[in-house]
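A.B. asks:
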């Protein structure tokens with residue numbers, strides 16, 4: 003792509019292109035929900051090894067808090083952190099402000115309301131389910147609705163919040179699409195991912211939260227549910243994550259992405275194959291077999307696409323390998339990419355019917371999910387935060403050493419958890435197939451579940467270190483020179499497409 | 000086309016999503032459209048096992064049953080099934096228990112017949128409770144396997160009947176004692192006793208001594 007010189011436009015850039023305050027707010031909200039999510043995960047982990055100190059307390063039930071754990075990560079941490087990063091990157095890429103600053107703040111509060119009400123619904127809803135007024139409403143409307151969670155993984159958002167969440171997603175798309183629409187010249191890779199993600203996220207959310215609840219039951223609902231779970235990762239989290247990588251990596255390495263052709267292959271390959279993967283979550287179910295085969299083939303195709311993207315980023319790093327050691331955000335990104343490649347390679351294997359026999363329904367899948375959601379996307383977002391906070395606050399990190407601790411505790415913690423749970427899954431699969439009494443599989447899992455607690459505590463400690471570091475940084479004195487290898491705070495991004 | 004706004008939005012964003020939705024979402028719906036979705040009323044009317052369990056609850060816990068449901072009639076049984084499903088979802092049971100017996104890994108020997116589509120074609124499988132993880136066993140064939148008393152004690156304090164179980168306790172489904180289930184407790188027991196109760200028989204997998212694996 004022949005990038006045109008943006009020079010004429012550079013003269014008209016408004017001083018307040020990026021609203022730093024809202025980026026900080028989003029990151030703050032994200033970290034708060036990460037903290038809450040980890041508490042929920044810890045509670046469930048303690049329950050499994052019989053160490054739960056809060057037994058028999060209705061509002062602290064591990065079953066409910068497990069849903070807080072997953073929802074707080076998806077909608078609390080990832081969505082908030084993404085929105086913060088989008089508020090930074092889209093105006094700088096397009097050289098236009100978001101559609102409306104007031105709308106940005108409205109969305110911020112609306113989204114926090116969505117996340118908090120989801121949590122409230124999950125925690126309090128089941129307790130109110132047998133109230134007289136619910137029975138009365140059920141009778142009058144003829145709808146047997148749940149106040150609490152809906153029965154779909156990551157679609158637990160109670161039905162009465164879904165319309166608000168959908169409205170929020172539509173407003174997000176509008177707020178960011180306006181600057182993108184105003185941008186002139188060729189469109190950079192990042193914006194392809196972002197634009198597609200705005201469409202996909204809305205459609206995915208609507209499909210998953212409305213259809214299995216209101217329009218179809220049974221096996222067909224399973225097919226829709228599979229599409230939803232997978233699309234939420236593949237069409238909401240993944241494109242936003244990769245879009246941000248395509249933005250931040252070239253800026254930090256100060257050179258363009260290695261191959262524009264591979265960028266094209268990566269984007270369009272993902273766009274075509276990823277939506278076709280959903281049913282691989284329900285192999286061996288009564289869902290028609292030819293659809294299961296189709297999903298398996300599409301999944302293997304996605305791994306090939308992923309390989310091109312990873313090659314492209316390795317090519318970009320080539321010759322600058324030293325920055326993997328010295329530049330902490332780059333290290334977050336590329337460690338996340340290594341984990342991404344591992345999960346995707348693992349996915350190509352585990353999605354086959356042969357593997358599914360053994361590992362479906364086991365902790366293998368839980369380990370896989372943690373490596374994807376924490377090891378890849380949360381780590382990328384931590385890297386972005388590590389890079390951006392000095393620029394947002396106009397002061398260096400309180401302690402570079404604590405930033406290192408955050409990285410090592412998170413990376414080692416999640417990788418240990420991944421290995422541990424993967425191994426646990428293999429054991430569980432063989433326990434079940436061997437027809438030993440069920441309790442043998444539970445007791446046999448205990449060593450792995452105990453190890454998992456310590457891996458999780460390491461990740462938790464990493465977060466606490468980061469929060470402490472951030473707190474001290476906020477309190478610290480002003481300084482002009484942020485760390486991590488980027489002297490100019492407000493330098494506008496050079497067109498980075500190759 | 001591949002780098003333009005309209006191309007990304009219309010082909011990538013809308014087009015590919017719709018293609019996947021039609022091929023993977025609508026196709027199974029069309030394939031199963033001849034299989035009508037049953038209401039909870041039909042499920043109760045067709046399957047006498049559920050009503051038997053529901054009446055048994057009245058016999059065992061007369062005071063609680065009187066207080067929370069009154070009569071053991073079909074209408075109340077339907078209400079109990081619906082509420083039971085909501086409790087099952089709201090308490091997160093489905094995150095540790097699946098409802099689908101796979102045709103592999105000896106699962107049909109442990110739990111009985113491999114799950115088929117017609118079993119899910121009812122309003123209580125909205126959304127379908129296939130599940131995502133098995134910490135505890137699959138529940139597709141749980142109905143009638145154990146007594147209502149066992150379930151009551153198990154929900155109250157799982158370790159009392161299953162000493163190694165890491166399952167959480169649910170004392171809030173009771174008025175202080177395992178023989179006093181409240182409305183949610185009675186409903187959840189009814190729901191669990193309904194699962195798989197439409198089948199004539201399935202193996203009782205705890206008693207492995209009686210499983211003759213050589214034949």
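Chains as they are written, first to last, in the numbering used here: chain A, 3 to 500; chain B, 0 to 214.
Note that beta-carbon positions come from the ideal geometry of N, C-alpha and C, so glycine has one too.
Going by the DSSP bridge assignment, what does residue 180(B) pair with across the sheet?
C.D. replies: For this step, residue 180(B) is matched to residue 181 along the second chain. Paired residue(s): 173(B).
A.B. asks: Report buried or exposed for residue 237(A), applying the criterion of at least 16 other Cβ atoms within 10 angstroms of its Cβ.
C.D. replies: Here residue 237(A) corresponds to residue number 235 of the first chain, with the count starting at 1. It is buried - the Cβ of residue 237(A) has at least 16 other Cβ atoms within 10 Å.
A.B. asks: Is there a C-beta anywhere in chain B that falls below 8 Å from the one on residue 257(A)?
C.D. replies: In the first chain, counting from the first residue as 1, residue 257(A) sits at position 255. Not closer than 8 Å to any Cβ of chain B, the Cβ of residue 257(A) fails to qualify, so no.
A.B. asks: Can you grab the Cα-Cα spacing for the pair residue 171(A) / residue 119(A), in whole Å?
C.D. replies: In the first chain, counting from the first residue as 1, residue 171(A) sits at position 169. In the first chain, counting from the first residue as 1, residue 119(A) sits at position 117. The alpha-carbon atoms of residue 171(A) and residue 119(A) are separated by roughly 16 Å.
A.B. asks: Per DSSP, what kind of secondary structure is residue 37(B) in: helix, strand or coil?
C.D. replies: For the purposes of this step, residue 37(B) is identified with residue 38 of the second chain, where counting begins at 1. Residue 37(B): strand per DSSP, three-state reduction.
A.B. asks: Compare the C-beta of residue 58(A) against all C-beta atoms of chain B and say whether one is closer than 8 Å.
C.D. replies: Looking up residue 58(A) in the first chain gives position 56. Closer than 8 Å to some Cβ of chain B, the Cβ of residue 58(A) qualifies, so yes.
A.B. asks: May I ask you to list, following chain order, the residues of the stretch 115-144 of chain B that have a beta carbon less than 9 Å from some beta carbon of chain A?
C.D. replies: Residues 115, 116, 117, 118, 119, 120, 121, 122, 123, 124, 125, 126, 127, 128, 129, 130, 131, 132, 133, 134, 135, 136, 137.
A.B. asks: Under 8 Å between the Cβ atoms of residue 227(A) and residue 214(A)?
C.D. replies: In the first chain, counting from the first residue as 1, residue 227(A) sits at position 225. In the first chain, counting from the first residue as 1, residue 214(A) sits at position 212. Yes, these two residues count as a Cβ contact at 8 Å.
A.B. asks: In chain B, what lies closer than 9 Å to residue 165(A) by C-beta?
C.D. replies: Start at 1 with the first residue of the first chain, and residue 165(A) comes out as number 163. Within chain B, no residue comes near residue 165(A); the closest Cβ sits about 18 Å away, beyond 9 Å.
A.B. asks: Mapping the DSSP letters down to three states, classify residue 105(B) as helix, strand or coil.
C.D. replies: As a first step, residue 105(B) must be located in the second chain, where it is residue number 106. Correct three-state label for residue 105(B): coil.
A.B. asks: With a threshold of 8 Å between beta carbons, is residue 191(B) in contact with chain A?
C.D. replies: Reading the second chain from its first residue, position 192 is the one you call residue 191(B). No, its Cβ sits nowhere closer than 8 Å to a Cβ of chain A.
A.B. asks: Ordered along the chain, which non-local residues of its own chain (more than five positions away) have a Cβ less than 6 Å from that of residue 311(A)?
C.D. replies: On the first chain, residue 311(A) is found 309 positions in, with the first residue counted as 1. Taken in chain order, the residues that qualify are 268.
A.B. asks: Please list, in chain order, the chain B residues whose beta carbon lies closer than 7 Å to that of residue 132(A).
C.D. replies: For this step, residue 132(A) is matched to residue 130 along the first chain. Here the neighbours are 82, 182, 183.
A.B. asks: What does residue 28(B) reach in chain A if we use C-beta pairs closer than 7 Å?
C.D. replies: Mapped onto the second chain, residue 28(B) falls at position 29. By Cβ distance, chain A contributes 218, 222.
A.B. asks: As an exercise, report each continuous alpha helix (DSSP H) stretch of at least 4 residues that is fully enclosed by the stretch 69-132 of chain B, in chain order.
C.D. replies: Segments of the alpha helix (DSSP H) lying fully in the stretch 69-132 of chain B: 73-89, 106-110, 116-119.
A.B. asks: Three-state secondary structure (DSSP) at residue 189(A)?
C.D. replies: Taking the first residue of the first chain as 1, we reach residue 189(A) at position 187. Coil.
A.B. asks: Less than 8 Å between CB atoms is the rule here; does residue 196(B) satisfy it with respect to chain A?
C.D. replies: In the second chain, residue 196(B) corresponds to position 197, counting from 1. It does not: the Cβ of residue 196(B) has no partner Cβ on chain A nearer than 8 Å.
A.B. asks: Give every residue of the same chain whose Cβ lies closer than 6 Å to the Cβ of residue 407(A), excluding the five residues on either side of it in the sequence, and list them in chain order.
C.D. replies: Residue numbering aside, residue 407(A) sits at position 405 when the first chain is read from its first letter. 467.
A.B. asks: Assuming residue 445(A) and residue 401(A) are in contact, meaning their beta carbons sit under 8 Å apart, how far apart are those beta carbons, in whole angstroms?
C.D. replies: Reading the first chain from its first residue, position 443 is the one you call residue 445(A). Reading the first chain from its first residue, position 399 is the one you call residue 401(A). Rounded, the Cβ-Cβ distance is 44 Å, inconsistent with contact.
A.B. asks: State the DSSP-derived secondary structure class of residue 282(A), mapped to helix, strand or coil.
C.D. replies: Taking the first chain and counting its residues from 1, one reaches residue 282(A) at position 280. Reduced to three states, the DSSP call for residue 282(A) is helix.
A.B. asks: By Cβ distance, which residues of its chain are closer than 8 Å to residue 56(A), with the 5 residues on each side in sequence left out?
C.D. replies: For the purposes of this step, residue 56(A) is taken as the residue at position 54 of the first chain. The residues are 45, 62.
A.B. asks: Under the assumption that residue 381(A) contacts residue 337(A) (Cβ atoms under 8 Å), give the Cβ distance between them as a whole number of angstroms.
C.D. replies: As a first step, residue 381(A) must be located in the first chain, where it is residue number 379. As a first step, residue 337(A) must be located in the first chain, where it is residue number 335. Correct: roughly 6 Å between the Cβ atoms.
A.B. asks: When you check each C-beta in the stretch 72-104 of chain B against every C-beta of chain A, which residues fall closer than 9 Å?
C.D. replies: The residues in question are 78, 81, 82, 84, 85, 86, 87, 88, 89, 90, 91, 92, 93, 94, 95, 97, 99, 101, 102, 103, 104.
A.B. asks: Would you tell me roughly how many angstroms separate the C-alpha atoms of residue 215(B) and residue 196(A), rounded to the nearest one?
C.D. replies: It is not possible to answer for residue 215(B), since the shown part of chain B is limited to 0 through 214.
A.B. asks: Out of curiosity, what's the CA-to-CA distance linking residue 100(B) and residue 118(B)?
C.D. replies: Taking the second chain and counting its residues from 1, one reaches residue 100(B) at position 101. Taking the second chain and counting its residues from 1, one reaches residue 118(B) at position 119. In a straight line, the C-alpha of residue 100(B) is about 11 Å away from that of residue 118(B).
A.B. asks: Ordered along the chain, which non-local residues of its own chain (more than five positions away) have a Cβ less than 6 Å from that of residue 123(A)?
C.D. replies: On the first chain, position 121 is the one that residue 123(A) refers to. Once the five neighbours on either side are set aside, the close Cβ partners of residue 123(A) are 150, 160.
A.B. asks: Residues of chain B with CB closer than 8 Å to the CB of residue 198(A), please, in chain order.
C.D. replies: As a first step, residue 198(A) must be located in the first chain, where it is residue number 196. Those within 8 Å of residue 198(A) in chain B are 7, 8, 11, 12.
A.B. asks: Going straight from the alpha carbon of residue 304(A) to that of residue 349(A), what length do you get?
C.D. replies: Here residue 304(A) corresponds to residue number 302 of the first chain, with the count starting at 1. Here residue 349(A) corresponds to residue number 347 of the first chain, with the count starting at 1. Those two C-alpha atoms are separated by around 10 Å.
A.B. asks: I need the DSSP call for residue 219(A), collapsed to helix, strand or coil.
C.D. replies: In the first chain, counting from the first residue as 1, residue 219(A) sits at position 217. Residue 219(A): coil per DSSP, three-state reduction.
A.B. asks: Do residue 187(B) and residue 63(B) have their beta-carbon atoms positioned less than 8 Å apart in this structure?
C.D. replies: Along the second chain, one-based indexing puts residue 63(B) at 64. Along the second chain, one-based indexing puts residue 187(B) at 188. No.
A.B. asks: By how many angstroms is the C-alpha of residue 126(B) removed from the C-alpha of residue 30(B)?
C.D. replies: On the second chain, residue 30(B) is found 31 positions in, with the first residue counted as 1. On the second chain, residue 126(B) is found 127 positions in, with the first residue counted as 1. Straight-line Cα distance between these residues: approximately 18 Å.
A.B. asks: Can you check whether the CB of residue 427(A) is closer than 8 Å to the CB of residue 365(A)?
C.D. replies: Here residue 365(A) refers to the residue found at position 363 of the first chain. Here residue 427(A) refers to the residue found at position 425 of the first chain. Going by C-beta atoms, residue 365(A) is nearer than 8 Å to residue 427(A).
A.B. asks: Assuming residue 288(A) is part of the alpha helix (DSSP H), what are its boundary residues?
C.D. replies: Taking the first chain and counting its residues from 1, the one referred to as residue 288(A) is at position 286. Unbroken run through residue 288(A): none, as it is neither H nor E.
A.B. asks: Excluding sequence positions up to five away, which residues of its chain have a Cβ less than 6 Å from the Cβ of residue 343(A)?
C.D. replies: Counted from its first residue, the first chain places residue 343(A) at position 341. Excluding positions up to five away in sequence, the list reads 312.
A.B. asks: Can you give, in chain order, each stretch of the alpha helix (DSSP H) that sits fully within the stretch 295-328 of chain A and has at least 4 residues?
C.D. replies: Entirely contained in the stretch 295-328 of chain A, the alpha helix (DSSP H) runs reaching 4 residues are, in chain order, 324-328.
A.B. asks: Grab me the residues of residue 193(A)'s own chain with a C-beta within less than 7 Å of its C-beta, minus the 5 sequence neighbours each way, in chain order.
C.D. replies: Locating residue 193(A) in the first chain gives position 191, where the first residue counts as 1. For residue 193(A), where only same-chain residues beyond five positions count, the Cβ hits under 7 Å are 95, 182.
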